[in-house]
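In the working numbering, the protein residues as written are 17 to 414.
Think of the CB as a built atom: it goes at the ideal place given N, C-alpha and C, for glycine as much as any other residue.
Worksheet: one structure, shown below.
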C-alpha cells in the first residue's frame, strides 16, 4: 500500500486527523433541531420548509457522493478531503449572516456538498493508510461522527443562550473545520508528498452500478440512514407529543447521539468475539425495534433512546465496514462507499419529509413509528441477502 515504513507516531497522527475530520460531518445537520422553533419563528418557516434544513444536506450527501471518487482520482484523496472540510467550514461560518430562510437553506446545501465528498473518501483514507486495521479505524471514524453529532445537539442551545444569537450558535461549529484543516495540512499532506508510492489515489475505479451485492448494501445503508435522519429531525417532537417537556425531549436527542459512541467503539471488540457481520447487524436492528416499541407504548422513553442510540451506532459502523470488507484496494473501497452512500443518503433524505407528512396527515406520530418499524424490518431483509452472498464476514476483525 506504500505506507509500510510510516512511523508509529505518524500513524497516531493520521488517526487523529481522521477523527477530527469526521467530527465535521454532522454538526451542520444536528445543530438545527434544538433551535428549530426559534429559527422557524424568526425566519417565518413552516414545518415543511424547516425539515429541508435536515433533508437538503442528506440529499446532497447522496447526489454528490459519486463525484468524490472522480475528484480524488484527479486531484488525490488527501487534497479533496481538505477542500471538502473547507467547504463545510464556509457553509457553516456564513450562517452567522443568515437573515432569510433562503440563505439558511443555501448554507445547508454548501455544507452538504462538503460532507458528500468527505464521507466516502474518509473510507478510502482508512483503506489506504490502515489496510490491516479497517474495523478499528471505522469504529474510530463512526465514533467521531457520533461525538460531533452529540456535541452539536447538546451544545448549540447553550451557545445560543450565552450569545443570545442562534446565528452564532450555528456558525460556531466552523471552528471544528479550521482545526481539522490545520491538522491535515500539517500531518496528512506532508506524508502524502513524502511517499511517492501513495502520491495519487490511483486509476479510476468505476462505481459498481452493475453489482447486485452493491445494491443490497446500498438498500441496507439507505434503511439505516432513513431511520437515523428521521429521528434526528423528529425525535424531540415525538417525545413532546407524548406529553414530556421540551428540555426532556432535547435531552433524549443527546442521549440518542451520545450512546452511538460506545456502540461504534465496541464494534472491533465484538467482531473479535463473534466475527459474523450478519449477527451484529441484526442485533443492532433489533435494538432499534425494541426502542421503537417502547416509544409507541410511551414506556420509559429515556431507555428507548438508549436502545435506539446503541442500535443506530452499531448499524452505522457495520454498514460503513461492509464496502471495505468486500474490496481489495482503497480505490475500490472509496468507489463502493461512494455508491452505497450516494443512493443510501438519497433514501435517507426522504425520512424526515415522510415522517413529517405522515404526522400532518394523521395528526399523530404513532403512525410515524409504524413507518420506522417497517423500514427497520426491510433493512434486516437486505442485511440477510447481502451478507449471506460473498462477504468475508467470518474473517476476524483486526
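Item checked: CA nearest to the CA of residue 112, picked from 179, 56, 102 and 66 -> Comparing Cα positions, the closest option is 179.
Check your understanding: If residue 98 sits next to residue 230, beta carbons under 8 Å apart, how far is it from one beta carbon to the other, in whole angstroms?
Key -> Contact doesn't hold; Cβ gap of about 28 Å is too wide.
- Task: Would you identify the three-state DSSP class for residue 116, choosing helix, strand or coil?
- Result: DSSP places residue 116 outside both helix and strand once states are collapsed to three, so it counts as coil.
Would you check if the distance between the CB atom of residue 127 and the CB atom of residue 107 is smaller than 7 Å?
Their beta carbons are under 7 Å apart, which means residue 127 touches residue 107 by this criterion.
Buried or exposed: where does residue 379 fall if 16 or more other Cβ atoms within 10 Å of its Cβ makes it buried? By the Cβ neighbour-count rule, residue 379 is exposed, with fewer than 16 other Cβ atoms within 10 Å of its own.
Next on the checklist: Determine whether the beta carbon atoms of residue 193 and residue 40 lie at a separation below 7 Å.
Outcome noted: Cβ distance < 7 Å, so residue 193 and residue 40 count as in contact.
Looking at the secondary structure, which residues open and close the alpha helix (DSSP H) in which residue 340 lies? Where residue 340 is concerned, the enclosing alpha helix (DSSP H) stretches over 317-342.
TODO: Let me know the secondary structure DSSP gives residue 398 once reduced to three states.
DONE: Helix at residue 398.
### Extent of the continuous alpha helix (DSSP H) to which residue 304 belongs
293-312 is the span of the alpha helix (DSSP H), which, as asked, contains residue 304.
- [ ] Could you pull the start and end residues of the alpha helix (DSSP H) that residue 154 belongs to?
- [x] The continuous alpha helix (DSSP H) containing residue 154 extends over residues 150-179.
* Asked: Hey, residue 272 and residue 321 are a contact pair by Cβ (cut 8 Å); roughly how many whole angstroms apart?
  -> At roughly 5 Å, the Cβ-Cβ gap stays under 8 Å, so residue 272 and residue 321 are in contact.
Review point. Alpha carbon to alpha carbon, how far is residue 29 from residue 203?
Key: Our two residues, residue 29 and residue 203, have alpha carbons roughly 7 Å apart in a direct line.
Practice task
Identify which residue in 350, 115 and 390 has its Cα closest to the Cα of residue 147.
Solution key: Residue 147 has its Cα closest to that of 350, out of 350, 115 and 390.
C-beta contact flag for residue 275 and residue 251 at 7 Å: At a Cβ-Cβ threshold of 7 Å, residue 275 and residue 251 do not count as neighbours.
Given a threshold of 16 other Cβ atoms within 10 Å of its Cβ, counted over all protein chains shown, does residue 53 qualify as buried or as exposed? So residue 53 ends up on the exposed side.
Problem set entry | Same chain only: Cβ atoms within 7 Å of residue 284, ignoring 5 sequence neighbours per side | These residues qualify, in order along the chain: 151, 152, 155 and 413.
- Measure the alpha-carbon distance for residue 241 versus residue 364 and round it to whole angstroms. The straight-line gap from Cα to Cα measures roughly 4 Å.
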